[in-house]
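Following: one structure in structure tokens, then a few remarks.
Chains as they are written, first to last, in the working numbering: chain A, 1103 to 1316; chain B, 2 to 474.
Set out below in structure tokens:
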């Protein structure tokens, strides 16, 4: 019975059925299944398969991003139960991501968030046009291992530096690893502004993120 | 107008349906406007405002279309006006792209960040390329103060080319007044450059877009508005719906532009791309987004608006066979579709990279495409049947006066090999790549030649410096 339900959860992630994923999470809880098992035996199995298939070139970005949305929907339902459970949830790492001040471009950041979710990270996407102060507040509140700053434009990449400086001023710089990305961003720029990691694309970002949270 | 001789996908009736879909989007969904000034203008004109969302009744679009000019000049700074562009739906002009981060170094072949010397040499070289009619900055130089990089680029363009310019400055307001002042300092003015503005993401007019729209309208700097939708990511996956969304964004911006200054010049841009869903690269050369771009182009043409489209680009990383194929194909389809200003000749790597070789190659194929894409008349007077009768069956036209007069207008290749096999072998069997390298080296052997005197060049430098001081104070 529970095995069949876990399979349906994994399948919902594979099919990108976001609403159904949320409903199945609730049904699982209603049936008395432990929240951590619902996650690890059901939804995570699905997103791991999506991640593997993406790596093999059998599934593509739309499947990956919709799978990440399914995870988000399921987690929203499971979160209270997961937090109440002893030991909490096992994740690869935790991350906060957003596009920096002045930048209203979403896609690159969203893809990176999806890839990280697929790799088992717990990712909080704080959105677009995020000021250094808001990033500092989020780091202080959520205590993520990683902070990811996205900038598409040469004119907005300077806000990545400002955000890092704001973390320093708030005494939080050594509490979080900062990754920067976006079309104009290079390793040289990352080094110059004192970021911990840079990746040219979302696939490389997962590799860098894994290294940084070890 | 949708005319003969063009590659069209949507005829007048289909364009009217696409336009109607865009009007419905503006009424039902509206646009997100991140500017109080713009929201106030929309509201005063009769738009329905809800927080930052403006829903526009179709009448506003009709009023804007009634006053948007269908034809104007983009002035060059040559003596006789031969390089002026007649900006209207009809003639096709090619131009470079702007703001590439990287250059393939012509000597080492290394991919490196571009510097100001590259921009200057590139613009000076484009000045000498006969089929490139307007100039964009090509590169974003990293060795100049970034807060005024747009003005530094403009100074380089004004110094090294007389051809009309399209600027891609990220700012309006003071920056645009500074640009007009710089153009005036060397014999140009608000009518000798156009300003490229983009909406991004879809159905959002952000602060920069609005600021530039207002400044262009006030100063009568021709404004190019380009949408930046990517099929299936920032825009709908359906080419038809994505084109309707892009068209709606352009109509919304045109409304704002014409509310500020009725009759100010406006150019309709058809930006469209698609993500490669495996690699996440936002492609220039995707056929489906190309198709969606043509739909938008057709809608603009059905409204007789001048347009801004693409040609001469490639997603390749080097001057390889893919590069040749994509630059050539896009030059030809660009001419066949009949956009007015075709930009990004010489773009590589999805717009991150460019090279001297790439725009020399683009110039070659632009010339070929223009020659092969001419719209030829079928008036009775063009058929010289008297001559056919005089020469008779089996006769030769080689020595005829008509042949002597006409053949010199044929396009002549400067890169493609048109020798016979023994001539080719005797010259060392050079490939296209070899000939391209030789031509690039030859052209770069001449130092970039300013088209302005030294006083004007220092005046431009002073204006840039003053702008920088104003910004830092």
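Note that beta-carbon positions come from the ideal geometry of N, C-alpha and C, so glycine has one too. The structure presented is a predicted model; accordingly, all values stated were derived computationally and were not measured.
Measuring only between beta-carbons, confirm whether residue 35 of chain B sits less than 9 Å from chain A. yes
With 9 Å set as the bound, which would you pick, yes or no: does the beta-carbon of residue 1304 of chain A sit closer than that to a beta-carbon of chain B? yes
Does DSSP classify residue 160 of chain B as helix, strand or coil? DSSP places residue 160 of chain B in helix when its eight states are reduced to three.
Could you check whether the Cβ of residue 1126 of chain A sits closer than 9 Å to any Cβ belonging to chain B? no
Could you have a look at residue 133 of chain B and say whether DSSP puts it in helix, strand or coil? coil
So, with DSSP's three-state summary, where would you put residue 380 of chain B? coil
Would you kindly work out how many angstroms separate the C-alpha atoms of residue 1282 of chain A and residue 1206 of chain A, rounded to a whole number? 16 Å
Cα-Cα, which of B:73, B:390, B:443 is closest to residue 264 of chain B? Closest by C-alpha distance to residue 264 of chain B, out of B:73, B:390, B:443, is B:73.
What does DSSP give as the partner residue(s) for residue 104 of chain B in the beta ladder? B:113, B:355
In chain order, what residues of the region 230-244 of chain B put their CB closer than 9 Å to some CB of chain A? 231, 233, 234, 235, 238
Who are the near neighbours of residue 43 of chain B in its chain, counting only those whose CB is closer than 6 Å to its CB and skipping five residues on each side? 55, listed in sequence order.
Please classify residue 221 of chain B: does DSSP put it in a helix, a strand, or coil? coil
Determine, for residue 1265 of chain A, whether the minimum Cβ-Cβ distance to residues of chain B falls below 9 Å. no
The region 207-225 of chain B: which residues have C-beta closer than 9 Å to a C-beta of chain A, in chain order? 207, 208, 209
Counting contacts by CB-CB distance shorter than 9 Å, is residue 198 of chain B in contact with chain A? no
Could you tell me the alpha carbon to alpha carbon distance between residue 317 of chain B and residue 1306 of chain A, rounded to whole angstroms? 20 Å
Test item: CB-CB of residue 1246 of chain A and residue 1278 of chain A under 9 Å: yes
Residue 1213 of chain A: contacting residues in chain B (beta-carbon distance under 8 Å): Around residue 1213 of chain A, the beta-carbon contacts reaching into chain B at under 8 Å are 281.
Compute the distance between the beta-carbons of residue 276 of chain B and residue 1266 of chain A, then report whether it is under 9 Å. no
Would residue 412 of chain B pass as a contact of residue 369 of chain B if the rule is Cβ separation under 9 Å? yes
Can you find the residues in the same chain that come closer than 6 Å, C-beta to C-beta, to residue 269 of chain B, ignoring five residues on each side of it along the sequence? The answer, listed in chain order, is 251, 301, 306, 308.
Close Cβ partners of residue 351 of chain B (< 7 Å) along its chain, the five nearest in sequence each way excluded: A distance below 7 Å between beta-carbons, with the five flanking residues on each side excluded, links residue 351 of chain B to the following residues of its chain, in chain order: 282, 283, 284, 285, 316.
Nearest-angstrom Cα separation, counted from residue 1167 of chain A out to residue 236 of chain B: 15 Å
Determine whether the Cβ of residue 469 of chain B lies closer than 9 Å to any Cβ atom of chain A. no
Is it buried or exposed for residue 377 of chain B, if we count other Cβ within 10 angstroms and need 16 for buried? exposed
Select from the region 1149-1169 of chain A all residues with a C-beta closer than 7 Å to any C-beta belonging to chain B, and list them in chain order. Result list: 1159, 1162, 1163, 1164.
For the candidate residues A:1253, A:1211, A:1269, A:1251, whose alpha-carbon lies nearest to that of residue 1170 of chain A? A:1211
Quick one, are the C-beta atoms of residue 1174 of chain A and residue 1138 of chain A less than 9 Å apart? Residue 1174 of chain A is not a Cβ neighbour of residue 1138 of chain A, given a cutoff of 9 Å.
Which runs of the alpha helix (DSSP H) at least 4 residues long sit entirely within the region 249-294 of chain B? Give them in chain order. Whole alpha helix (DSSP H) segments, 4+ residues: zero.
Bounding residues of the beta strand (DSSP E) (the contiguous stretch that carries residue 89 of chain B): 86-89
I'd like the span of the beta strand (DSSP E) that includes residue 1251 of chain A, first residue to last. 1248-1252
At a Cβ threshold of 9 Å, is residue 1200 of chain A touching chain B? no
Measuring only the C-alpha atoms, how far is residue 1264 of chain A from residue 100 of chain B? 23 Å
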